[in-house]
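Presented below is the structure to which this report refers.
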Amino acid sequence: MTITNTSLPEKKMPEHDVESTAAAVDDQKAELRELADAAPEEGTIIEHYAAPETVKSFLRKLTSAGVELRGLEPVPWQDRTHTKYYNIMTLFGGSFISLLPISIGTTPTLVFGLSFNHAAAMIVTMHFLFILPTLYILTLGPLLGMRQSVQFRYVFGKYPNLFFCIVVILEIGIFGILAAVGGAECLAAIRAGTLPIEGAISIIMGVAILISFFGYRCLHFVCQWIWIPNSICILILVGCAATGGLKNQLNPPSSGVAAPYLSTIAICAGNMATWGTIVGDYSCYMPATAPRKRIALYGFLGLYVPFTFMTLLGAAIGGAIPANPTWLAAYGQGSFGAVCAEILTSKVGNFGRFLLVILGFSIVTTSARDMYSISISLVGVVPWLRRVPRIFLLILTAGAMIGIGIAASRSFLPALGALVSIAGYITGPTVSVFLIEWFVFRKANPVTMDPRIWDDRKALPSGYPALAACLIAWAPIVLSMSTTWYTGPIAKHTGDLAYELGAVSSILIYLPLRALEIKYRGRL
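In this note's numbering, the protein residues as written are 52 to 575.
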């Protein structure tokens, strides 16, 4: 099947021709609906599983009970019924009003040595800049009715798209594992020596798999309410910290070098831009008529606002740790979880231990959400896994995350900044080529992304221009990255420029290669 590079209806029309505009929009919606009707329903997906009839019968019962079994398959028009658009806000807000962004926020002050004022200015402005592409990509989910990894097939092709799926698994796995380790540190700090961190990680992952087992709707439901106890607990943490030494900030003089600021930019890119590779997974069940501006606003309120506020709190605590001997001693004994324990128990005693339980489990929706996205992306890496029910892939994902999380817990905070920066490096080229494809070659026209060809290797792009652009971009990334594990030769002189150079390089490579491919193929 071939598709032509059709663009949106011609906009050169008489000045007040509202009727023509409305008719053009209606025509596009009708075409989108016709294309979406070809997507498989959940019942037909079960029939393709390589499983005995008894297992299929059990899976049908799970579907009736609300368990989601749909994997990569596009969502048909009639199943796009999720109109609670504010759930985008509660989904991300519920998972980000938690310990994870607080612990990430300690990096600019505690690790990079910035003052709180400088770190705060960088966090607020850079988060805002890097959230914009993510918000735009979020609004494409309802329009296309496709998972994010399926949308990227229209850039990377069917088989080269496994590169993108590996990217998603790596970057989202980083956040899910960091969240679990951070929460486990809090649980282990309730009474030192009673619960090993390995056991705490397993407990958190066990709860996370229960949530992600039921899928999309269950994640939205849990996040709709979990932010309430999390917010109360964090407000108490702020109050205890404010009366216990938060004002004792180290204010190092400006060194006049750019390195700590550029490293903070890399952290901010990892915090915000990374979600552009999965946001479509959480809006693809919404109707194509969903208000895009409102969805973007809900995404802003759920992603930018809580993550930024939590990161600012972390920066304040990170700047105060060296200036408070008891906090510094706790940090030396058990990393950031022990610092939270010291802040709370020193002010509210045993009630602080109860709050540590809430803080520890505040990240469970983050791990559940990321586990959910990884289990879907696995099908993109190994296509024959499409015949395996998603819930079994989920169990496999959970086991891997527990093992890696236990290993990561042994050097958590030193690894934290490096891993978040690497997530940003990975995201830069992939998101850049996707947006170039959408705006430059597809003219932002959803009709050009025909869901009927989502699994057709010949009809999809070859993917080689995108793959080449992303792989070649890693040359400047490696030369200009700066982490606790490795510093490239360019970064030694300038600071961390890996995200910026990686994104720009991928765009410059992709534009001519994709144009040549379209000219050679005669179609998108």
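For each residue, glycine too, the CB sits at the ideal point set by N, CA and C.
Are residue i and residue j touching if we call contact CB-CB under 8 angstroms?
i      : j      : result
Ser556 : Ala524 : yes
Phe215 : Ser200 : yes
Pro516 : Met361 : no
Val126 : Gly196 : yes
Ala366 : Ser472 : no
Pro512 : Tyr210 : no
Ala374 : Leu261 : no
Trp278 : Gly403 : no
Leu288 : Cys391 : yes
Tyr187 : Ile346 : no
Gly233 : Ser397 : no
Thr141 : Gln275 : yes
Thr315 : Leu165 : yes
Gly327 : Pro184 : yes
Phe492 : Leu567 : no
Ala451 : Leu270 : no
Met256 : Ala474 : no
Going by other Cβ atoms of all chains shown within 10 Å of its Cβ, with 16 needed for buried, is residue i buried or exposed?
i      : result
Leu189 : buried
Asn401 : exposed
Gly94  : Annotation note: pLDDT 49 at Gly94 (below 50); position unreliable, coordinate value reported separately. Gly94 should be labelled exposed.
Ala309 : exposed
Pro502 : buried
Ile182 : buried
Phe387 : buried
Tyr476 : buried
Leu150 : buried
Trp128 : buried
Leu559 : exposed
Asp507 : exposed
Pro563 : exposed
Pro497 : buried
Tyr312 : buried
Ala526 : exposed
His169 : buried
Gly244 : exposed
Phe490 : exposed
Leu395 : buried
Trp505 : buried
Thr57  : Reliability of the predicted coordinates at Thr57 is poor, the pLDDT of 42 falling under 50, and the value obtained from them is presented with this limitation in mind. Exposed.
Trp378 : buried
Thr539 : One point to set straight first is that residue 539 is Gly, not Thr, in the sequence displayed. Gly539 is buried by the Cβ-count criterion.
Arg565 : buried
His544 : exposed
Can you name, in chain order, every residue of its own chain whose Cβ lies under 7 angstroms from the Cβ of residue i, other than the five neighbours on each side?
i      : result
Pro480 : Ala520, Cys521, Ala524, Gly553, Ala554, Ser557
Glu249 : Ile457
Phe203 : Asn212, Phe215, Phe485
Ala549 : Ala317, Tyr476, Ile528, Ser531, Met532
Tyr382 : Ile372, Ala389, Val390
Arg198 : Leu123, Gly331, Asp332, Cys335, Ile427
Leu229 : Leu151, Leu467, Leu470
Ser22  : Residue 22 lies beyond the range of the chain shown here (52 to 575); nothing can be said about it.
Ignore the nearest five residues each way along the sequence and tell me which others in residue i's own chain have a CB closer than 6 angstroms to its CB.
i      : result
Gly369 : Thr157, Thr160, Leu161
Ile409 : Pro280, Cys284
Ser424 : Ile223, Ile329, Asp332
Val430 : Gly122, Leu123, Leu436, Arg437
Phe143 : Gly353, Leu354
Val439 : none
Ile541 : Leu530, Ser531
At which residues does the alpha helix (DSSP H) containing residue i begin and terminate?
i      : result
Arg420 : 415-432
His133 : Looking at the DSSP string, His133 is not in any alpha helix (DSSP H), and its letter there is neither H nor E.
Glu568 : 549-572
Glu488 : No alpha helix (DSSP H) holds Glu488; DSSP gives it neither H nor E.
Gly192 : 167-195
Pro516 : 515-523
Lys543 : 540-545
Ala451 : 441-459
Arg404 : 401-412
Ser149 : Counting along the chain, Ser149 falls outside any alpha helix (DSSP H), and DSSP gives it neither H nor E.
Tell me which same chain residues have a C-beta within less than 8 angstroms of the C-beta of residue i, skipping the five on either side of it?
i      : result
Leu447 : Ser426, Leu429
Ile139 : Leu189, Tyr333, Ser334, Ile346, Tyr349, Gly350, Gly353
Thr134 : Met337, Pro338, Ala341
Confirm the yes/no value for this check: CB of residue i, any heavy atom of the ligand NAD, distance under 7 angstroms.
i      : result
Leu238 : Although the ligand NAD was asked about, the structure shown includes no ligands whatsoever.
Within 8 angstroms of any Cβ in chain C, is that where the Cβ of residue i sits?
i      : result
Ile409 : Here there is only one protein chain, and chain C is not present.
- Item | Ordered list of beta strand (DSSP E) runs contained in the region 304-359, each at least 3 residues | none
- Item | Runs of alpha helix (DSSP H) wholly within the region 188-274 (minimum 4 residues, chain order) | 199-202, 204-207, 212-239, 248-264
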